Amino acid sequence: VTIAVDGALEQIRTIVGPSHLLSEQAVTTSYESDWTGRFGGPCLAVARPADTSQVAEILACCRRAGIGVVPQGGNTGLVGGSVPRGRGLAPDRTAAPGQQVTAGQTGGPPLVLSTRRLNEITRCDATSLLLEAGAGATLGDAQRAAGAIGYELGIDLAARDSATLGGMVATNAGGIHVIRHGPMRTRVVGLEAVLADGSVIRRMNGLWKDNVGWSLVALLAGSEGTLAVITAVSMRLVSRPTHRVTALVALSGEGQPFSSRQGAATATAVAVAAGLQSRVDGIEAVEITYPAGTTLVAEKAGLPYPPRADSADAWLTIEAAGSSDPAPYLADALANQPGVLDAAVATDSTRRRQLWAYRERHTEAIATLGVAHKLDVSLPLDRLAQFADVVGPVVEENWPGSTTICFGHVADGNLHVNVLGPPADDEAADDAVLRLALDHGGSISAEHGIGVAKVKLVAQARSGAEIGLMRSVKATLDPAGILNPGVLIPPPSS
Ligand SMILES: Cc1cc2nc3c(=O)[nH]c(=O)nc-3n(C[C@H](O)[C@H](O)[C@H](O)COP(=O)(O)OP(=O)(O)OC[C@H]3O[C@@H](n4cnc5c(N)ncnc54)[C@H](O)[C@@H]3O)c2cc1C
Numbered sequence: 036v037t038i039a040v041d042g043a044l045e046q047i048r049t050i051v052g053p054s055h056l057l058s059e060q061a062v063t064t065s066y067e068s069d070w071t072g073r074f075g076g077p078c079l080a081v082a083r084p085a086d087t088s089q090v091a092e093i094l095a096c097c098r099r100a101g102i103g104v105v106p107q108g109g110n111t112g113l114v115g116g117s118v119p120r121g122r123g124l125a126p127d128r129t130a131a132p133g134q135q136v137t138a139g140q141t142g143g144p145p146l147v148l149s150t151r152r153l154n155e156i157t158r159c160d161a162t163s164l165l166l167e168a169g170a171g172a173t174l175g176d177a178q179r180a181a182g183a184i185g186y187e188l189g190i191d192l193a194a195r196d197s198a199t200l201g202g203m204v205a206t207n208a209g210g211i212h213v214i215r216h217g218p219m220r221t222r223v224v225g226l227e228a229v230l231a232d233g234s235v236i237r238r239m240n241g242l243w244k245d246n247v248g249w250s251l252v253a254l255l256a257g258s259e260g261t262l263a264v265i266t267a268v269s270m271r272l273v274s275r276p277t278h279r280v281t282a283l284v285a286l287s288g289e290g291q292p293f294s295s296r297q298g299a300a301t302a303t304a305v306a307v308a309a310g311l312q313s314r315v316d317g318i319e320a321v322e323i324t325y326p327a328g329t330t331l332v333a334e335k336a337g338l339p340y341p342p343r344a345d346s347a348d349a350w351l352t353i354e355a356a357g358s359s360d361p362a363p364y365l366a367d368a369l370a371n372q373p374g375v376l377d378a379a380v381a382t383d384s385t386r387r388r389q390l391w392a393y394r395e396r397h398t399e400a401i402a403t404l405g406v407a408h409k410l411d412v413s414l415p416l417d418r419l420a421q422f423a424d425v426v427g428p429v430v431e432e433n434w435p436g437s438t439t440i441c442f443g444h445v446a447d448g449n450l451h452v453n454v455l456g457p458p459a460d461d462e463a464a465d466d467a468v469l470r471l472a473l474d475h476g477g478s479i480s481a482e483h484g485i486g487v488a489k490v491k492l493v494a495q496a497r498s499g500a501e502i503g504l505m506r507s508v509k510a511t512l513d514p515a516g517i518l519n520p521g522v523l524i525p526p527p528s529s
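Residue numbers (the numbering used here): 36 to 529.
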């Protein structure tokens, strides 16, 4: 079956209504480039469906016309999966509407399918302990709904006011509470999604236990928009602790057997994190920052310098929560940890937010320096310090004058490596850092996913048999290859 692209666009305009099919460049631009400023390309148009049946009709139409579809939620993803392909941010509109294509030919500009109108929170109650919402609801809105009935979602990240629940399932997002509650995959009990042929699959029965065969959540969590468009999400609530304490702790790497301050401080941090988890109940977060990023945040955000700014090799942002005050246990545990220099502690929410700012504002502070190569890796805990020790020098050796700023979720072995200096389209710096992670027994993606940024290295990170399985699942669910072409799954040539 063939239909013209412009005929398909007319059908989509009828499906969503004229005001929700955006094709003027002035309004599509923000959908065409990603948060990093590094990835993007031209789209055919942006469709903003209002409900699941509109999503289904759009996908059926795109499949008939062979139009690629890029699902997009909050567009806070950091690996280029939420925007059309093609480097460079000046959209090339040469392959425009009017072109006749056959189903399966997805080479032209894709349609961006924005889920932001699917943002209704349809259920949030303390009896079922469930929150149900459209995939376009932001994490922040879902957190506020849970908070209003005295609960939490058990997942949090700095992009909370833009990142959507659907995008977070699609990337299997992690964030700051993974050590306590796990990543998005473990928080979700039900999903609704639309397959590439327009059929709707829905498992939103509210059952916490339902072992009838394969799990839809397990299949779609981390699928990055390549298998289906998620339209609704059901999440487990967790009780809200009555006490919560945040500490910003200055660390020294002195005495650790590493050549750089960063490596030595990371070794101290790993030891402190392990000690805390064994001695304090309710540790929710242990985050690491280093002098380059922490002083940058202080300067850009106008914050006072953190404790021991002149001598600390790193800082930990630690959070513990429970039904009794964890502060005395935390203070006691920290007092007995070698390498702890000083700490600022807060229990009220305003002051706690101020302490968190040193960690949470890293991404935006780094963005003020230019387009960063953002590499999100995880390492076995016993090799994290070794990796942190050498990653800066490896980058510097190949790109003299470049800057490497690291921070991350240290208790789960996850470092975010930001390289500034190499041109945005130079992939060699990315390759060097990711290969270094692999050489240290780590992963090329801890929580941001693969997108287009890391697809070339999937073959180094997964066996031929595993990639073969990924391709078979993709071919079964999306035989025409319309869903997020170029993302996650390596092309046969690689
Ligand atoms: C300041 C900042 C801090 C961050 N901190 C963290 C962090 O701590 N932990 C973490 O894991 N990530 C973090 N991120 C990355 C990002 O927020 C997450 O990847 C988030 O899950 C993306 O959600 P989104 O709605 O913005 O998705 P988008 O960016 O819109 O899309 C991401 C991917 O999911 C697909 N997708 C989106 N919606 C759907 C849908 N409904 N159905 C199918 N596929 C879909 C897209 O095609 C794309 O491949 C951070 C980003 C920023 C900017």
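Here a beta-carbon is modelled for each residue, glycine too, at the ideal position from N, C-alpha and C. None of the values given here were measured: they were computed from a predicted structure.
In whole angstroms, what is the alpha-carbon distance linking residue i and residue j?
i, j, result
"A320", "V493", "29 Å"
"D345", "L469", "31 Å"
"S437", "E431", "6 Å"
"K244", "R237", "16 Å"
"L410", "Q421", "17 Å"
"A170", "R151", "8 Å"
"A327", "G72", "22 Å"
"R396", "A193", "8 Å"
"L94", "V229", "8 Å"
"D348", "L113", "27 Å"
"I190", "T403", "27 Å"
"R179", "L416", "34 Å"
"V445", "V62", "39 Å"
"A300", "V425", "13 Å"
"G241", "S163", "7 Å"
"T87", "N519", "18 Å"
"S593", "T329", "What is shown of the chain runs 36 to 529, which leaves residue 593 out entirely."
"W434", "G503", "36 Å"
"P342", "L376", "9 Å"
"E259", "G217", "19 Å"
"G521", "T261", "9 Å"
Measuring alpha carbon to alpha carbon, tell me which residue in the options is nearest residue i.
i, options, result
"I214", "I485, R98, E354", "E354"
"Y66", "L146, K244, D41, C97", "L146"
"S197", "G175, Y325, A170, G72", "G175"
"P527", "S68, M505, L518, T511", "M505"
"G484", "R394, M219, A304", "M219"
"T206", "D69, S234, S480, V247", "S480"
"N371", "T303, L471, A510", "T303"
"E187", "S498, G115, V273, P520", "V273"
"T157", "P144, L351, A172, V307", "A172"
"A85", "R98, L153, S58", "L153"
"V204", "G357, A183, V252", "V252"
"G374", "A285, L44, K489", "A285"
"C96", "R497, V81, G52, A231", "A231"
"L351", "L283, L57, I47, R48", "L283"
"G427", "D461, D460, D465", "D465"
"P458", "S478, V406, R279", "V406"
"G160", "R271, Q46, G101, G248", "Reading off the sequence shown, one finds Asp at residue 160, where the question assumed Gly. Comparing Cα positions, the closest option is R271."
"K491", "G456, E482, A463, G233", "A463"
What does a CB cutoff of less than 6 Å around residue i pick up in its chain, not counting 5 residues either side in sequence?
i, result
"E399", "none"
"S269", "L165, E167, V224, G225, M239"
"G201", "G108, T150, A170, I265"
"Q60", "none"
"L79", "P144, L146"
"E92", "I50"
"A131", "Its pLDDT being 34, under 50, A131 is placed unreliably in this model, and the coordinates cannot settle the point."
"H55", "R83"
"T129", "Annotation note: pLDDT 30 at T129 (below 50); position unreliable, coordinate value reported separately. So the list is empty, once near-sequence residues are dropped."
Excluding the 5 residues preceding and the 5 following residue i in the sequence, name in chain order all residues of the same chain whose CB lies nearer than 8 Å to its CB.
i, result
"A392", "V332, A336, L338"
"A368", "G310, L311, R314, V315"
"D69", "G75, N110, G112, L113, G115, S117, V118"
"G182", "R275"
"R195", "T173, L174, G175, Q178"
Since residue i and residue j are thought to touch, with beta carbons under 8 Å apart, how far apart are those beta carbons, to the nearest angstrom?
i, j, result
"I440", "G103", "With 8 Å as the limit, I440 and G103 do not qualify as a contact, their Cβ atoms being about 34 Å apart."
"P363", "G317", "Between G317 and P363 the Cβ distance is about 13 Å, and since that is not below 8 Å, they are no contact."
"A267", "E227", "4 Å"
"A263", "L512", "7 Å"
"N449", "G209", "7 Å"
"R120", "V429", "No, R120 and V429 are not in contact; Cβ-Cβ is about 29 Å, not under 8 Å."
"V307", "V380", "No, V307 and V380 are not in contact; Cβ-Cβ is about 15 Å, not under 8 Å."
"Q495", "L471", "12 Å between Cβ atoms; not a contact."
"V412", "G476", "So it is not a contact: roughly 11 Å between Cβ atoms."
"A515", "G101", "7 Å"
8 Å is my cut-off, CB to CB: does residue i come that close to chain D?
i, result
"V62", "Absent from the structure is chain D; it holds one protein chain and no more."
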